[in-house]
Amino acid sequence: MLEMSESENIHTNSNIITQEFIALEDFNATGAEQLSFTAGDTLLVHEQVCTDWWWAERSGCFGYVPSAFLHRGVEDVEDAWQDEEYFSTYGTLKLHLEMLSDRPRTETYRQVIVSNSAALRGKVVMDLGCGTGIISLFCGRLAQPAAVYAVEASSVAEHTEKLVKLNRCEDVVTVFRSRAEDLMLPSKVDVLVSEWMGNCLLFEFMVESVLRVRDRWLKDGGMMWPSSASLSLVPCQAHADYSQKMEFWENLYGLDFSCLQPVAQEEFFSKPKFSHQLDPDDCLSTPCNVISLDMHTLSVSDLEKLSGEFRFTIERSGTLHGFTAWFSTFFHSLDEGGSSLELNTGPHAESTHWKQTLFMLDGPIGVEEGDCVGGAITLQRNPIWRRHMSITIEWRIKRRNDPTFCEEKTKRFPMWR
Ligand SMILES: N=C(N)NC/C=C/[C@H]1O[C@@H](n2cnc3c(N)ncnc32)[C@H](O)[C@@H]1O
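In full-length UniProt numbering, the protein residues as written are 1 to 417.
Listed below in C-alpha cells is the structure:
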C-alpha cells in the first residue's frame with residue numbers, strides 16, 4: 001500500500017501538465033520550433049519545459065511558447081470585469097462631482113437635448129449609466145419625451161431617485177437601479193444616450209455595455225448619442241515631464257543618481273500618463289484621427305482590437321518625447337439634415353476632466369521640420385481583465401535631410417494591466 005506522499009510523487013510530475021491558458025498578447029514565432037498566436041487565443045500547455053518556455057498546442061499545431069505571454073484561463077479570474085470595485089467607485093459622489101464639474105462635457109449633453117427638444121417630444125429615451133441622472137433631468141426639464149429610463153447600477157441610484165423628485169421629473173423619468181445588460185424594460189427606446197467615454201476613449205470598456213443594450217433595446221432606426229467617436233494622435237514634446245522624471249536624477253544636490261534612470265523609465269514612462277495637459281505649442285505636427293467608431297454599427301467583437309495608421313510631417317523642429325492622444329464624440333441631430341454637436345477633449349478645445357493621454361517614448365529624439373513620422377497605433381483589449389487594454393505604438397522616423405536615416409521602434413503601454 002503506497003504511502004500518500006509516494007503516490008503523489010508518482011502522479012504529479014511538476015513539468016507535465018495539460019492546462020488551458022489564454023494569450024495576453026500576440027506572439028510571432030522566430031523559429032520553426034516556436035508556435036505563433038494572437039491575443040485572446042486559447043492554448044493547451046502540455047509541458048512547462050522551463051520557466052520561460054512551455055510546450056503547447058493550438059488548433060493541432062505544436063511548438064514552444066513564451067510563458068510570460070500566457071495567463072491561466074478566465075475561470076481563474078474571479079471577476080474579469082471587477083464590477084464590485086468598479087461600481088463601488090461610482091457609489092460615492094467624488095467621481096460624479098468631477099464629471100458634473102466638467103463644464104464642456106455636461107454642457108455638450110445639455111446642448112444636445114436642447115437642440116433636439118422638439119424632435120424628442122413623445123420619444124422614449126434611455127440614459128445608460130445615468131449616475132446622478134443629470135442627462136435624464138435635462139430630458140425631463142428641457143424637452144417633452146414620453147418616458148426616460150435612467151439606468152444606474154451603483155448605489156448612487158438612491159440619490160438619483162431623490163433628484164428626480166426634487167426636480168419634478170418623476171412623471172417622465174423612471175430610475176432603474178440595475179446593470180443595463182440585466183434590464184427588463186416595458187418597451188424599446190428611440191434614443192440611447194450615455195456618457196461612457198474613458199481614458200483614451202475606451203478604458204473601463206463601458207462601451208461594451210452600451211453596444212449590448214443598443215442591440216437589445218434600441219429601436220431600428222433609433223439614435224445613439226454619442227453617434228460616433230474618434231481617437232486623435234499627435235507627435236509631441238514633453239520637456240517638463242522628461243526633466244521632472246528623468247533628468248532630475250542626473251544631479252541631485254551635487255550627487256549623481258543617474259543609475260536610477262532606468263528604474264524611473266519603467267516606473268513613470270512604461271504606462272500612459274492620463275490627465276496630461278498638452279500645450280498646443282508642444283504639438284510637433286497637425287494631429288490626425290487614427291480610429292473612428294460608428295456607434296450605430298460598431299460590434300462588441302470590434303472592441304477586441306482597434307488600430308489605425310498615421311503619417312505626420314514635422315512642422316516645427318524640436319524634441320519628439322512621445323505621442324499624445326485624445327478623443328472627440330459627435331451627436332447627430334434627430335432632425336433630418338440637422339447639424340451635429342461635438343465634444344472635443346483635445347488640446348485646442350476647452351479643457352475637460354479627461355484632459356489628454358501622453359505616451360512617453362524610451363528616449364527623446366531630435367526632429368527637424370520636414371521629417372516624417374509614420375506608423376500605427378493598436379488598442380488591444382485585455383483578454384482577461386475586460387476593462388483594461390494595452391496601446392501599442394509603432395513608429396518610424398525618416399529625415400528630410402538624410403534619406404539614409406530610418407529609425408523604427410515599437411512600444412506597448414498597458415492601461416493598466
Ligand atoms: N467613464 C465615464 N466617462 N463614464 C463612466 C460613467 C459611469 C456611470 O455609469 C454607471 N455604469 C457603468 N456601466 C454600467 C452598466 N453596465 N449598467 C448600469 N450603470 C453602469 C456607473 O456606475 C457610473 O455611475
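Every residue, glycine too, gets a C-beta built ideally from N, C-alpha and C. Computed from a prediction, not measured in an experiment: that's the story for all the values here.
query                                                                                                                             : result
Euclidean distance between Cα positions of Ile10 and Ile17                                                                        : The predicted model places Ile10 with a pLDDT of 34, which falls under 50 and marks its position as unreliable; any figure quoted below should be read in that light. Roughly 13 Å between the two C-alpha positions.
Which of helix, strand or coil DSSP assigns to residue 420                                                                        : Residue coverage of the chain in this structure runs from 1 to 417, which leaves residue 420 outside it and unanswerable.
Met223: CB within 7 Å of a non-hydrogen atom of ligand 1                                                                          : no
According to DSSP, residues forming a beta bridge with Asn344                                                                     : Ser328
Outcome for Thr160 when other beta-carbon atoms lying within 10 angstroms are tallied against a minimum of 16                     : buried
Distance between Val210 and Ala147 (C-alpha atoms, nearest Å)                                                                     : 19 Å
Cβ-based neighbour list, Ser7, same chain, cut-off 6 Å, excluding 5 preceding and 5 following                                     : Note on Ser7: pLDDT 39, under 50, position unreliable in the model; the coordinate value appears next. There are no such residues.
Residue span of the alpha helix (DSSP H) that contains residue 444, given as start and end                                        : Residue 444 cannot be examined here, being either before or after the span of the chain that is shown, 1 to 417.
Assigned secondary structure, Thr378 (DSSP; H/G/I helix, E/B strand, else coil)                                                   : strand
Of the residues Arg412, Asp371, Arg386, Gly363, the one placed nearest Thr404, counting alpha carbons only                        : Asp371
Residue nearest to Phe268 in terms of C-alpha spacing, selected from Gly254, Gln277, Ser243                                       : Ser243
Residue range of the alpha helix (DSSP H) that includes Met126                                                                    : Note, Met126: premise wrong, no alpha helix (DSSP H); beta strand (DSSP E) at 124–128.
C-beta atoms of Gly366 and Cys236 nearer than 8 Å                                                                                 : no
7 Å Cβ shell around Leu185 - same chain, five flanking residues per side excluded                                                 : Tyr149, Trp217
Heavy atom of ligand 1 within 7 Å of Ala80 beta-carbon                                                                            : no
Chain-order list of residues whose beta-carbon lies under 6 Å from that of residue 438 (same chain, five-residue window excluded) : As shown, the chain starts at 1 and ends at 417. That puts residue 438 outside it, with no answer to give.
At least three beta-carbon pairs within less than 8 Å, the stretch 257–264 to the stretch 335–355                                 : no
Simplified DSSP assignment, three categories, for Gly337                                                                          : coil
Option nearest Leu43 by Cα separation, candidates Ser390, Ala29, Gly60, Cys50                                                     : Gly60
Among Tyr86, Trp81, Ser178, the one whose alpha carbon lies nearest that of Met126                                                : Ser178
Tyr90 CB to nearest heavy atom of ligand 1 below 7 Å                                                                              : yes
Collapsed DSSP secondary structure at Lys411 in the structure displayed                                                           : strand
Terminal residues of the alpha helix (DSSP H) in which Gly140 lies                                                                : 134–142
Buried versus exposed call for Gly122 [16 or more other C-beta atoms within 10 Å across all chains shown]                         : exposed
Buried versus exposed, by CB contacts within 10 Å (16 or more), His276                                                            : buried
Neighbourhood of Thr106 by C-beta, 8 Å cutoff - its chain only, sequence neighbours within 5 removed                              : Met99, Leu100, Ile134
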